[in-house]
Amino acid sequence: MNEYLQKALADALSRYELDRSSWPDIQIEKPRDPSHGDAATNLALMLAKPLQSNPRKIAEQLVEYLELDENLVSSVEIAGPGFINFRYSKDYLMKNLHHILQKGETFGSSDKNQGKRVLVEFVSANPTGPLTVGHGRNAVLGDTIARLLEWTGAEVDREYYFNNAGRQMRVLGQSVQARYLQLTGRDVPFPDGGYEGEYIRDIAKSLAVEFGDKLQDKEDISVFKERAEKEIFNDISATLNRMNIRMDSFFNEHDLYENSSIKEVIQALRKDDLVYDEDGATWFRTTKYGKDKDTVLIKSSGEPTYRLPDIAYHKNKLERGYDLCIDVFGADHIDTYPDVLNGVRALGYDAEKIDVLVYQFVTIVKDGKPYKMSTRKANFVTLDELMDEVGSDVTRFFFLMRSPSTHLEFDIAQAKEAGEKNPVFYLQYAHARIHSILRKVEDVAEFTGSPPLHLLEDESETDLIKNLLEFPEVIISAANSREPHRLINYLDSLAASFTTFYHDCRILGEDPKLMYARTALATATSRVLANGLSILGISTPESM
RNA sequence: GCGCCCGUAGCUCAAUUGGAUAGAGCGUCUGGCUUCGGACCAGAAGGUUUGGGGUUCGAGUCCCUACGGGCGUACCA
Numbered sequence: 001m002n003e004y005l006q007k008a009l010a011d012a013l014s015r016y017e018l019d020r021s022s023w024p025d026i027q028i029e030k031p032r033d034p035s036h037g038d039a040a041t042n043l044a045l046m047l048a049k050p051l052q053s054n055p056r057k058i059a060e061q062l063v064e065y066l067e068l069d070e071n072l073v074s075s076v077e078i079a080g081p082g083f084i085n086f087r088y089s090k091d092y093l094m095k096n097l098h099h100i101l102q103k104g105e106t107f108g109s110s111d112k113n114q115g116k117r118v119l120v121e122f123v124s125a126n127p128t129g130p131l132t133v134g135h136g137r138n139a140v141l142g143d144t145i146a147r148l149l150e151w152t153g154a155e156v157d158r159e160y161y162f163n164n165a166g167r168q169m170r171v172l173g174q175s176v177q178a179r180y181l182q183l184t185g186r187d188v189p190f191p192d193g194g195y196e197g198e199y200i201r202d203i204a205k206s207l208a209v210e211f212g213d214k215l216q217d218k219e220d221i222s223v224f225k226e227r228a229e230k231e232i233f234n235d236i237s238a239t240l241n242r243m244n245i246r247m248d249s250f251f252n253e254h255d256l257y258e259n260s261s262i263k264e265v266i267q268a269l270r271k272d273d274l275v276y277d278e279d280g281a282t283w284f285r286t287t288k289y290g291k292d293k294d295t296v297l298i299k300s301s302g303e304p305t306y307r308l309p310d311i312a313y314h315k316n317k318l319e320r321g322y323d324l325c326i327d328v329f330g331a332d333h334i335d336t337y338p339d340v341l342n343g344v345r346a347l348g349y350d351a352e353k354i355d356v357l358v359y360q361f362v363t364i365v366k367d368g369k370p371y372k373m374s375t376r377k378a379n380f381v382t383l384d385e386l387m388d389e390v391g392s393d394v395t396r397f398f399f400l401m402r403s404p405s406t407h408l409e410f411d412i413a414q415a416k417e418a419g420e421k422n423p424v425f426y427l428q429y430a431h432a433r434i435h436s437i438l439r440k441v442e443d444v445a446e447f448t449g450s451p452p453l454h455l456l457e458d459e460s461e462t463d464l465i466k467n468l469l470e471f472p473e474v475i476i477s478a479a480n481s482r483e484p485h486r487l488i489n490y491l492d493s494l495a496a497s498f499t500t501f502y503h504d505c506r507i508l509g510e511d512p513k514l515m516y517a518r519t520a521l522a523t524a525t526s527r528v529l530a531n532g533l534s535i536l537g538i539s540t541p542e543s544m
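Each residue of the first sequence is one higher than the last, beginning at 1 in our numbering.
See the structure below:
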């Protein structure tokens, strides 16, 4: 419909003596206030300047030039400072409602990003402990963005990047070793800055059960490290599974060392004089890109900082032929990813294909006050604990509710007690209620032929239909802006719109034809709710 | 100090990316169940969009500035 209006306006516009290059963008939008119609354009306002004329006069002229099919658009009005408002015809609405019913569980999908190969990298937590509520936002955002993009036709891979080589992992191994020695009777101190969590003892215990005290004199900590990595990874995978997240691949940072990608990056950058040696370290000339300081890529110890493998990793992603690579990062990375992009660009790759989504941190509120978490100090709330309390539906919903760019306050107590009051139940309830009605309808009536949709005349009915029709556009905008909360806001208004209809119009006990038409409308609504919730990774119970 | 993000109703947050009278949920107050699921609905109160300037037909949204908060500012990740 938007395209149709745009084209009609463009045709009208072509009757002006105006250079095509100075044409403004023809924007069609849905007015905030429904009394302003179903669609509106500000074209006359935009033309005021180039035409040196009063916007209302321009609007009048435009409307005169405008040729619209009455079967699609029932009215055109000029309002306010010069907006042109359109109203959809009933025919148009009914035809599209029918279309929703036909498309069923694919309604809402589009080919907007057809043929695009996309890689979404998210979670990427190092395996040093269980996933916490702090990782939750990253995990759920990444997965839902992937789902949204799939609904717009893209081919999406989900990838988890992890580091099992660095200092953190060494500390992890030492922590397990210390617990193991303590368990087997040696009185050894726990390492400074070690991981204090209970899960470390569990891992040590499993080693003690398997090997007894045979590992006591091992100097090499790799046994401890590898066991810890394996067990923690299983744990992380299980948590992701519970949250409805399935990774397509796990990318191991260590591989970048083994296949010499890192060396190649350094060599290539050095050739362009973007890398130099000083004080025993190897530096990247980030001052060339407007930074205050150059950045160390290889420490004087010979060990790379994480930035170097990061550049190699992103180069690797682009080499794999993706058209778009999305990184989901917390706000703490905000200052570091430009280095990576500059590095990739300097290597001759198209950094435009990398899109970094930076979300603001989650503030955990526990017992009414902000709670500072640390994996190392073991004062954290794990995602598993949270899901034990509220389930995965509430967990996912909570993380998606807010725009990624604002701080998300996560009140543990509130989430736990949220129970019946939680907004996710409002959506599921609407869905369950529709199915309850549909079950009853099945008992009393049998419909044949296509539903007589023209009988839907009540305002709450047409409002609901209009609301349903927006679904595909909402998915596209949520996907392309990487903002899943838009879908939540939409579903919320859809559920509200259905409830208004439910209170105004009965289904059961009406004339069979009207009952059929309203049953069709209810079916379409439950379809859109179900499709929308499935994109969010949230279940759609038929009864609660 | 410098860089990035944020500041909207008592609280948590929206606002079609520059559009018309800034909206929801929670909380507060009033009303509504012998009829399809009351986990609901209708209504009320609550705002100088942190303050101040600017840009234009038009600003919560863009620019400058002050203040307040978060995150960075490592040869940590």
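Quick reminder that beta carbons are idealized off the backbone N, C-alpha and C, glycines included.
Where the beta strand (DSSP E) containing residue i begins and where it ends
{"i": "G330", "result": "L324 to G330"}
{"i": "A10", "result": "That residue, A10, is in no beta strand (DSSP E); its alpha helix (DSSP H) goes N2 to L13."}
{"i": "R87", "result": "F83 to Y88"}
{"i": "I364", "result": "V362 to K366"}
{"i": "N259", "result": "No beta strand (DSSP E) holds N259; DSSP gives it neither H nor E."}
Cutoff 8 Å; reference residue i; Cβ partners in own chain excluding five residues on either side
{"i": "D91", "result": "N71 and L72"}
{"i": "E385", "result": "none"}
{"i": "F397", "result": "N422, P423, V424, I488, L536 and I538"}
{"i": "V275", "result": "I266, L269, T282, W283, F284, R285 and L297"}
Spatial neighbours of residue i in its chain, beta-carbon cut-off 6 Å, leaving aside the 5 residues before and after
{"i": "R482", "result": "I145 and L357"}
{"i": "A546", "result": "Any question about residue 546 goes unanswered here, given that the chain covers just 1 to 544."}
{"i": "L68", "result": "A8"}
Within 8 Å, strictly: CB atoms of residue i and residue j
{"i": "F190", "j": "A178", "result": "yes"}
{"i": "T305", "j": "L297", "result": "yes"}
{"i": "I203", "j": "P127", "result": "no"}
{"i": "Y257", "j": "F224", "result": "no"}
{"i": "G129", "j": "T375", "result": "yes"}
{"i": "M387", "j": "F380", "result": "no"}
{"i": "L427", "j": "A495", "result": "yes"}
{"i": "E409", "j": "V474", "result": "no"}
{"i": "S539", "j": "F501", "result": "no"}
{"i": "V344", "j": "I354", "result": "yes"}
{"i": "A549", "j": "L438", "result": "Past the boundaries of the shown model lies residue 549; the chain is included only from 1 to 544, so the question cannot be answered."}
{"i": "A44", "j": "I28", "result": "no"}
{"i": "V362", "j": "G134", "result": "yes"}
{"i": "A378", "j": "G197", "result": "yes"}
{"i": "Y516", "j": "F447", "result": "yes"}
{"i": "L508", "j": "M94", "result": "no"}
{"i": "L383", "j": "T184", "result": "no"}
Enclosing alpha helix (DSSP H) for residue i [first to last residue]
{"i": "E77", "result": "Where E77 is concerned, there is no enclosing alpha helix (DSSP H), although the beta strand (DSSP E) it sits in stretches over V73 to A79."}
{"i": "E409", "result": "Taken as a continuous stretch (DSSP letters only), E409 belongs to no alpha helix (DSSP H), being part of the beta strand (DSSP E) at L408 to D411."}
{"i": "V356", "result": "From DSSP, V356 is part of no alpha helix (DSSP H) but of the beta strand (DSSP E) over I354 to Y359."}
{"i": "I236", "result": "S222 to R242"}
{"i": "N480", "result": "F471 to S481"}
{"i": "N489", "result": "H485 to D504"}
{"i": "F399", "result": "L383 to L400"}
Rounded separation between residue i and residue j - CA only
{"i": "N467", "j": "L97", "result": "11 Å"}
{"i": "R15", "j": "A430", "result": "49 Å"}
{"i": "K293", "j": "T286", "result": "7 Å"}
{"i": "G290", "j": "S300", "result": "25 Å"}
{"i": "S543", "j": "D25", "result": "47 Å"}
{"i": "G108", "j": "K271", "result": "50 Å"}
{"i": "F86", "j": "G449", "result": "32 Å"}
{"i": "H435", "j": "T519", "result": "10 Å"}
{"i": "I465", "j": "V328", "result": "35 Å"}
{"i": "A10", "j": "N42", "result": "13 Å"}
{"i": "M243", "j": "V140", "result": "8 Å"}
{"i": "D259", "j": "T525", "result": "Sequence check: residue 259 is Asn here, not Asp. Cα-Cα distance, rounded: 53 Å."}
{"i": "V340", "j": "Y65", "result": "53 Å"}
{"i": "R246", "j": "R201", "result": "28 Å"}
{"i": "K57", "j": "V528", "result": "41 Å"}
{"i": "F122", "j": "T462", "result": "41 Å"}
{"i": "A432", "j": "P541", "result": "6 Å"}
{"i": "A48", "j": "V394", "result": "49 Å"}
Cutoff 7 Å; reference residue i; Cβ partners in own chain excluding five residues on either side
{"i": "L149", "result": "N113, V118, V156 and A479"}
{"i": "R20", "result": "none"}
{"i": "S403", "result": "E483 and H485"}
{"i": "K440", "result": "L508"}
Of all the beta strand (DSSP E) runs that stay within the bounds of the region 100–168, which reach a length of 3 or more residues? Secondary structure in the region 100–168: the beta strand (DSSP E) runs of 3 residues or longer, each lying completely within the stretch, are 117–121 and 155–162 in chain order.
Report the residue ranges of all beta strand (DSSP E) runs contained in full by the region 270–320; include only those spanning at least 3 residues, in chain order. 275–278, 281–284 and 295–298, all fully within the region 270–320.
Length-filtered (4 minimum) alpha helix (DSSP H) runs lying within the region 18–80: Taken in chain order, the unbroken stretches of alpha helix (DSSP H) that lie wholly in the region 18–80 and span 4 residues or more are 43–51 and 55–65.
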